Amino acid sequence: MDAVLIANETVDERRRSGEEGVVFKIDFEKAYDHVRWDFLDQVLEKKGSVLNGGNG
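Next comes the structure, spelled out in structure tokens:
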């Protein structure tokens, strides 16, 4: 339940600030071993964003 509240607060804050952003969810139990963090960081960096709170 905490994750839902955190996600909701994150979306609300972005809307209030007027900043553009992307929110995505990864099911770490199934996908963690398959995520190429270096690639994900590069894609987000090219889009003008950074990966916060991840392994990147």
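Numbering-wise, the sequence shown is residues 98 to 153 according to the working numbering. A virtual CB, placed ideally from N, CA and C, is assigned to each residue, including glycine. Every value quoted in this text rests on a predicted model; they were computed, and no experiment measured them.
| Query | Result |
| --- | --- |
| Can you check whether the CB of residue 118 is closer than 7 Å to the CB of residue 111? | yes |
| Have a look at residue 115 and residue 109 and give me their C-alpha separation to the nearest angstrom. | 10 Å |
| Would you report the Cα separation of residue 142 and residue 123, rounded to the nearest angstrom? | 18 Å |
| Report the CB separation of residue 100 from residue 120 in whole angstroms; it is logged as a contact under 8 Å. | Actually they do not touch by this definition, with Cβ atoms about 12 Å apart. |
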